[in-house]
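Enquirer:
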Amino acid sequence: MIKNYFLLALKVLKRKPFYTFVSLFGISFTLMILMVLTSLFDAILGNNKPLTDRDQLVIMPMIERTRTETDTILRIDTIAMQGGEMRYDTSYTYEDDIVSTSNGPIAYPFLEKHFTNLDGAVNYAFYNDNTHIDGYLEGRKFTLNSYYVTHTYWEIFDFNFRHGTEFYEADVESANQVVVITDKAAREYFGEVSEGVIGQEMVLGEKTFTVRGIVERPLSDSPMFAGDIYMPVTTTDPRELSSTEVYGGFGAVFLAKSPEGRQAIMDEINSFAENYQMPADSYHDAIEMFNSTFFEGYAMGLLGERDPKVATRTLFIPIIVLILLFVALPLINLVNLNNGRVQERRSEIGVRKAFGANSRDILLQFIFENLVLTAIGGVIGMALALGLISYVNQQDVLGITRLSSSPEVFLYFLLVVLMFGFLSGILPAYRMSRTNVANSLR
Amino acid sequence: MSTSTSTSLDPAMKPSAASMPMIELNGVSKFYRTETIETLALSKLNLTVPTGEFLSIMGPSGCGKSTLLNIMGLIDEPSEGTVTLAGERITDYNGSYIARFRNEQLGFIFQSFHLINDLSVVDNVELPLLYRKVGGKERRRLAQEALEHVGLSNRMSHFPNQLSGGQKQRVAIARAIVGRPKIILADEPTGNLDSRMGDEIMDILLRLNKDLGTTIVMVTHDERMAKKTHRLIRLSDGERVS
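Chains as they are written, first to last, in the working numbering: chain D, 1133 to 1574; chain U, 3 to 244.
1) If we cut at 8 angstroms on Cβ distances, does SER81/U have a partner in chain D?
2) If we count the other Cβ atoms within 10 Å of its Cβ and call it buried at 16 or more, is ALA1460/D buried or exposed?
3) Between the alpha carbons of ALA1384/D and ILE1176/D, how many angstroms are there, rounded?
4) Out of ARG1563/D, ARG1534/D, ASN1468/D and ALA1517/D, which has the shortest C-alpha to C-alpha gap to VAL1578/D?
5) Just checking: is the beta-carbon of ASN1136/D within a distance shorter than 8 angstroms of some beta-carbon in chain U?
6) Could you give the C-beta distance for ARG182/U and LEU129/U, rounded to a whole number, given that I count them as a contact under 8 angstroms?
7) Since ARG1473/D meets chain U, which of its residues come closer than 8 angstroms, beta carbon to beta carbon?
8) Using only the alpha-carbon positions, how far apart do ARG1149/D and LEU1140/D sit?
9) Kindly indicate the opening and closing residues of the beta strand (DSSP E) around HIS1264/D.
10) Could you say if the segment 160–177 of chain U and the segment 1507–1526 of chain D meet the contact criterion of at least three C-beta pairs nearer than 8 angstroms?
11) Just confirm the distance between the C-beta atoms of VAL219/U and LEU71/U, as a whole number of angstroms; I'd bet it's less than 8 angstroms.
12) In its own chain, which residues sit with a C-beta less than 6 angstroms from the C-beta of ARG1186/D, not counting the 5 before and 5 after it?
13) Please classify TYR1137/D: does DSSP put it in a helix, a strand, or coil?
14) Would you say PRO191/U reaches chain D, if we count a Cβ-Cβ gap shorter than 8 angstroms as a contact?
15) Mark GLN246/U as exposed unless 16 or more other C-beta atoms lie within 10 angstroms of its C-beta, in which case mark it buried.
16) Taking all protein chains shown into account, do 16 or more other C-beta atoms lie within 10 angstroms of the C-beta of LEU1463/D, making it buried, or fewer, making it exposed?
17) Quick one: any contact between the segment 46–65 of chain U and the segment 207–224 of chain U, if contact means 3 or more CB pairs under 8 angstroms?
18) Roughly how many angstroms separate the alpha carbons of GLU1480/D and ILE118/U, rounded to a whole number?
19) If the criterion is Cβ atoms closer than 8 angstroms, does the pair TYR1379/D and ILE1238/D meet it?
20) So with CB distances below 9 angstroms, who are the chain D contacts of HIS116/U?
21) Taking the alpha-carbon of ILE1508/D as reference, which of ASP1493/D, PHE1552/D and ILE1558/D has the nearest alpha-carbon?
22) Between which two residues does the alpha helix (DSSP H) harbouring THR53/U extend?
23) Out of ALA228/U, GLN164/U, LEU210/U and ARG134/U, state which residue places its alpha-carbon closest to the alpha-carbon of MET1133/D.
24) As an exercise, report each continuous beta strand (DSSP E) stretch of at least 3 residues that is fully enclosed by the segment 1252–1327 of chain D, in chain order.
25) Using 8 angstroms as the cut-off, can you tell me whether the segment 1192–1206 of chain D makes contact with the segment 1414–1434 of chain D, which would need three or more C-beta pairs spanning the two stretches below that distance?
26) Quick one: which chain U residues come within Cβ less than 9 angstroms of ARG1147/D?
27) To the nearest angstrom, how far is the alpha carbon of LYS1122/D from that of GLY109/U?
28) Counting only the same chain and skipping the five closest in sequence on each side, list residues whose C-beta sits under 6 angstroms from that of THR231/U.
29) What is the DSSP secondary structure of ILE1508/D, counted as helix, strand or coil?
30) Does the segment 1527–1545 of chain D come within contact of the segment 1163–1176 of chain D, defined as at least 3 CB pairs closer than 8 angstroms?
31) Alpha carbon to alpha carbon, what distance is there between TYR1226/D and ILE1288/D?
32) Taking Cβ positions only, does ALA1318/D come closer than 8 angstroms to chain U?
33) Three-state secondary structure (DSSP) at ALA1239/D?
34) Kindly list, in the order they appear in chain D, the residues whose Cβ is closer than 9 angstroms to that of PHE110/U.
35) By DSSP's criteria, SER1223/D is part of a beta bridge. Which residues make up the other side?
36) If you scan the segment 176–226 of chain U from start to end, which runs of the beta strand (DSSP E) of 3 or more residues do you find wholly inside it?
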């Protein structure tokens, strides 16, 4: 039966080449865009390397200091004109008012002192906020995004090492001048990505580092790992390491045992901030530690919104609505085309029913035919999308972010194709399956 | 190739009134209602067709012939009255059971053939078997046999558009008989054909009735064709007049 439906579907498609072309063009173009979008989302937000533990992370990129003062508020309650004079009743209230805030990345010693022993965290890593450093080779100058990180950074972020290894605790303790570089940096600096690069030296600023490993550049543009080179935290500016301020250049990331465990970490951080006693000589009197899950952090960073829930809603709901609209428009168009197509086959449906097909058989036949059409469109769309993804990645069109072509993307794509085929076929198929046989044979 | 000689039924072969009725209609009426008007297509019709009978129905256009045939074929529902086919009283016209009943017991032949143009001749003939879960090889064998019966075994891989009107109707007959139904309902099967081809089709139907004992009900406008059948009834304005 299925084979029969399949062959018939192919014949039907061949019978009206223009209709088939229009349908396939719409389907493949829509699916191509959807796949590229899926690929982009997967690249930015997917749990691809080095974000395999994405859903267990709590990110603490910044600290904020505030000063609160009690303010006298004068409120005019009523105004009345009396004998040509204006009279009014007033009341006073005393309210706390934040009069000063400032925020920024955190000082490394502050992090080390207070955030290495959170009860809910099974691991933590500190990394500095992306800074630039100049590299020199044979009279050429390279500007590289550099990261100074703790050795645990490599445990939390599972980078894909193409050659060599990460640096270890001993390297950090001894402030060894070793560096892990991305494949992109290796290609630009050394002209190759090979085992031969391991052990070579890089002049970075005023120091010389030895290449310890080459990692594949992550797809995501997360500020947690947007670097070209990664060095032990202890090789950074000594002033960073001995700062007594709360501000510095660092962020922190904590690993929970499970996604549910993240809340406990966030509660612990917030509780610490609430109870933190500012030094007596400090102008500010309280701190807040920005902390969020990966998704919330992404939305907060993009929108500049402080409330994680509001940021997530504000960013993702319009995106979801836009995508649904984007899918709905060609879907409705396809439903319309399919309606016309099945109407032309009323007599065939009548004959099939007269000879024993029930409504379910007709429904299945037309849905199957539509799935065949969508599957062909899907294959074309996928080929186009792969070409586009490859072009975008090769030309680095999106800057730091590259498009993903992971198995998840294909899985989502397959689901979208099936959904597209099913949804665009079901309504016309259902209508035709209910057709009165006698009417369709007139 | 089929012959164009015309044959009549042997009166001796006419089924006796005592044989089991294959089709029984009791008080069957059909009316179509719109918001403002009610049109009567059939009025309190009683009809019994014995097993093995070849019955023809005649009457002017719009008298309800096709409606009657559709009701017998369970592709239309009577507004009133009962339909009993092969001893089974049919009450539900929507279910899968009716679809299966049509598939196993009934065969249809239409004036305009209603072949599926995207399917080859043999695939068209196989159609009823497709809904009977018959295996591919068996389907092909039975379709081949049915096509041989109508003299078209050499056109199996052709498509309907490549055939003449007479050939198309023969394919339609093969499709109607491939599932060995007890009843064949033919709605003006020779209406779109010239007289020579019409005779050919009529011969095939007569042979089917005679050889396989299939009960056939045929709607026709052609008195000459009707006379070749066992019995003729006439309708006028939805009522039986003879």
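Even glycine gets a Cβ: it sits at the ideal position worked out from N, Cα and C.
As the structure is a computational prediction, the values presented were derived from the model and not from experiment.
Expert: To lay it out plainly:
1) no
2) ALA1460/D counts as exposed, since fewer than 16 other beta carbons sit within 10 angstroms of its beta carbon.
3) 19 angstroms
4) In the structure as shown, chain D starts at 1133 and stops at 1574, and residue 1578/D therefore has no counterpart that could be examined.
5) At least one CB of chain U lies nearer than 8 angstroms to the CB of ASN1136/D.
6) Not quite, the Cβ-Cβ distance comes to about 14 angstroms (not below 8 angstroms), so this is no contact.
7) Simply none; closest approach about 12 angstroms.
8) Looking at the sequence provided, one finds Pro at residue 1149/D rather than Arg. Each residue's Cα considered, the two are about 15 angstroms apart.
9) 1263–1269
10) no
11) 7 angstroms
12) ASN1179 and PHE1426
13) helix
14) no
15) No answer is possible for residue 246/U: it lies beyond the span of chain U, which begins at 3 and ends at 244.
16) buried
17) yes
18) 6 angstroms
19) Judged by beta-carbon spacing, ILE1238/D lies within the 8 angstroms limit of TYR1379/D, meaning their Cβ atoms are closer than that value.
20) Residues of chain D passing the Cβ test: SER1479, GLU1480, GLY1482, VAL1483, ALA1486 and LEU1573.
21) Cα-wise, what sits closest to ILE1508/D is PHE1552/D.
22) Annotation: THR53/U is outside any alpha helix (DSSP H) and is labelled neither H nor E by DSSP.
23) ARG134/U
24) 1253–1260, 1263–1269, 1272–1281, 1293–1296 and 1310–1314
25) yes
26) The answer, in chain order, is ASN119 and ASP120.
27) Any question about residue 1122/D goes unanswered here, given that chain D covers just 1133 to 1574.
28) PHE56 and SER58
29) helix
30) yes
31) 47 angstroms
32) no
33) coil
34) VAL1483, ALA1486, PHE1487 and LEU1573
35) ARG1207/D
36) Complete beta strand (DSSP E) runs here, min 3: 185–189 and 217–221.
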